[in-house]
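Under this note's numbering, think of the first position of the sequence shown as 1, with each following residue one higher.
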Amino acid sequence: MPFETQKENDSESPEKRAQDRKLGDEWEDWDGTPEGDIDEPKARFIWLASFVFVMFLGLLVLGAYLVYPRLGEWSPYVSWPLKAAFGVFLVGSVGVYLLFLMEVATGASRLLPYRWSETLLLWLLPKSVWLGGKLGFSRDQVFNSFIKVNNVLSRSHTRPGGPRRLLVLLPRCLSRETRQEIRRIMEGRPHALATAGGGEEARKAIRKERPDFIIALACERDLASGIKDVALHVPVIGIPNKRPEGPCKNTQVDIEEFRQALEFFERISKDQSSSSSPESS
Numbered sequence: 001m002p003f004e005t006q007k008e009n010d011s012e013s014p015e016k017r018a019q020d021r022k023l024g025d026e027w028e029d030w031d032g033t034p035e036g037d038i039d040e041p042k043a044r045f046i047w048l049a050s051f052v053f054v055m056f057l058g059l060l061v062l063g064a065y066l067v068y069p070r071l072g073e074w075s076p077y078v079s080w081p082l083k084a085a086f087g088v089f090l091v092g093s094v095g096v097y098l099l100f101l102m103e104v105a106t107g108a109s110r111l112l113p114y115r116w117s118e119t120l121l122l123w124l125l126p127k128s129v130w131l132g133g134k135l136g137f138s139r140d141q142v143f144n145s146f147i148k149v150n151n152v153l154s155r156s157h158t159r160p161g162g163p164r165r166l167l168v169l170l171p172r173c174l175s176r177e178t179r180q181e182i183r184r185i186m187e188g189r190p191h192a193l194a195t196a197g198g199g200e201e202a203r204k205a206i207r208k209e210r211p212d213f214i215i216a217l218a219c220e221r222d223l224a225s226g227i228k229d230v231a232l233h234v235p236v237i238g239i240p241n242k243r244p245e246g247p248c249k250n251t252q253v254d255i256e257e258f259r260q261a262l263e264f265f266e267r268i269s270k271d272q273s274s275s276s277s278p279e280s281s
């Protein structure tokens, strides 16, 4: 961006900045204040999610402690099976979560069925966003870290197989240069490319193309919403955009990250050694 243009943008008031673009549904509350680039580590979400999980177990144990004396008044044929079931559930929950953490840490192991891992991740998301807010982290920071964790699961659970359908979803707010570069990379490749102005348009594109794999470029808020909608059925690699002028206007993406995601899909789609993805529960 030329120096004069950057200086002009910096001098704009937040109110004017918020009115010079068509904001998406997720950004209707934006006050025009510029934001810096967001690049959170996976560990951010994992720590928040782990704290949420420990709180959940603590509430379960507290509830069991309060109910335990009353169980003694019941017939042992009822109380003992209930106690045993609770113990199995508690131990099983801890075991599943530890396997989930190992999957995220290794990035290559399929220790749990895909739907189990993704369901647990999506269950933890809103609670982690809430906790992150209490600790001073913005929604976008938590979403950014969540997307990285989701990408690990999408890659590790996607088995090599025969040719599959890929859908690349672009936001309408990409800068002209970024859009042209992506189209240049996609030229000659037999993959579907669609521009979506929001969640409803993205869902229409998915219904039309019926992809087996999705690479989505958007802001953290739209990506998190889209992953919640489709990730249990179609694996998604999300690439958050950069917003030097704020949301919904002339956004950019890491082209190298997009290229790597595209090459990952093409590599596994050429391998005929295994069946389709993701593995079922």
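Just so it is clear, CB atoms sit at the ideal spot from N, CA and C, and this is done for glycine as well.
Reduced DSSP secondary structure (H/G/I, E/B, other) of E266: The sequence position of residue 266 within the sequence shown is 266, counting from 1. The three-state reading of DSSP puts E266 in helix, counting H, G and I together.
Stretch pair the region 140–153 + the region 237–248: three plus CB contacts closer than 8 Å: yes
With the cut-off set at 8 Å, would you say L101 and I46 are in Cβ contact? Position 101 of the sequence shown, counted from the start, is the residue given in the question as residue 101. Position 46 of the sequence shown, counted from the start, is the residue given in the question as residue 46. A contact, by the Cβ cut-off of 8 Å.
Threshold first: 4 residues or longer. Then list the alpha helix (DSSP H) segments lying entirely within the region 164–209, N to C. 176–186 and 199–209
Terminal residues of the continuous alpha helix (DSSP H) containing L217? Here residue 217 is taken as the residue at index 217 of the sequence shown, counted from 1. From DSSP, L217 is part of no alpha helix (DSSP H) but of the beta strand (DSSP E) over F213 to A218.
Quick one: is S178 buried, meaning 16 or more other Cβ sit within 10 Å of its Cβ, or exposed? Taking the sequence shown and counting its residues from 1, the one referred to as residue 178 is at position 178. Just to set this straight, residue 178 is Thr in the shown sequence, not Ser. It counts as buried.
For the structure I just gave you, are there three or more beta carbon pairs, one from the region 58–68 and one from the region 254–272, closer than 8 Å? no
Would you report the Cα separation of G107 and Q141, rounded to the nearest angstrom? Locating residue 107 in the sequence shown gives position 107, counting from the first residue. Locating residue 141 in the sequence shown gives position 141, counting from the first residue. Using only the alpha carbons, I get a separation of about 21 Å.
What's the C-alpha gap between R155 and L174? Start at 1 with the first residue of the sequence shown, and residue 155 comes out as number 155. Start at 1 with the first residue of the sequence shown, and residue 174 comes out as number 174. So the alpha carbons of these two residues sit roughly 25 Å apart.
Do the CB positions of R115 and L232 come within less than 8 Å of each other? As a first step, residue 115 is located in the sequence shown; it is residue number 115 there, counting from the start. As a first step, residue 232 is located in the sequence shown; it is residue number 232 there, counting from the start. Yes, the Cβ-Cβ distance between R115 and L232 is below 8 Å.
Inter-residue spacing [alpha-carbon to alpha-carbon] between R267 and K134: Within the sequence shown, the letter at position 267 stands for residue 267. Within the sequence shown, the letter at position 134 stands for residue 134. Cα-Cα distance, rounded: 42 Å.
Rounded separation between F258 and L48 - CA only: Here residue 258 refers to the residue found at position 258 of the sequence shown. Here residue 48 refers to the residue found at position 48 of the sequence shown. Their Cα atoms are separated by approximately 27 Å.
Among L131, Q180, R183 and P190, the one whose alpha carbon lies nearest that of R165: Here residue 165 is taken as the residue at index 165 of the sequence shown, counted from 1. Answer by Cα proximity: P190.
Any idea what DSSP makes of P244, helix, strand or coil? Start at 1 with the first residue of the sequence shown, and residue 244 comes out as number 244. If DSSP states are grouped into helix, strand and coil, P244 belongs with the strands.
Measuring CB to CB, does A205 end up less than 8 Å from L169? As a first step, residue 205 is located in the sequence shown; it is residue number 205 there, counting from the start. As a first step, residue 169 is located in the sequence shown; it is residue number 169 there, counting from the start. For A205 and L169, yes; Cβs fall inside 8 Å.
Rounded Cβ spacing between R243 and E35 (contact assumed at less than 8 Å): Stepping through the sequence shown from its first residue, residue 243 is reached at position 243. Stepping through the sequence shown from its first residue, residue 35 is reached at position 35. Confirmed, Cβ separation roughly 6 Å.
Enumerate, from N- to C-terminal direction, the unbroken alpha helix (DSSP H) stretches of 4 or more residues contained entirely within the region 89–153. 114–134
Counted within 10 angstroms of its Cβ, other Cβ atoms place E220 as buried (16 or more) or exposed: In the sequence shown, counting from the first residue as 1, residue 220 sits at position 220. So E220 ends up on the buried side.
Do you know offhand how far G246's Cα is from D39's? For the purposes of this step, residue 246 is identified with residue 246 of the sequence shown, where counting begins at 1. For the purposes of this step, residue 39 is identified with residue 39 of the sequence shown, where counting begins at 1. Rounded to whole angstroms, G246 to D39 spans 16 Å at the Cα level.
R165 at chain B interface by Cβ criterion, 8 Å: The structure shown has no chain B; it contains just one protein chain.
Return the Cβ separation of V234 and L124 in integer angstroms, given the expectation that the two are a contact with Cβ distance under 8 Å. For the purposes of this step, residue 234 is identified with residue 234 of the sequence shown, where counting begins at 1. For the purposes of this step, residue 124 is identified with residue 124 of the sequence shown, where counting begins at 1. Wrong, their Cβ atoms sit about 20 Å apart, outside the cutoff.
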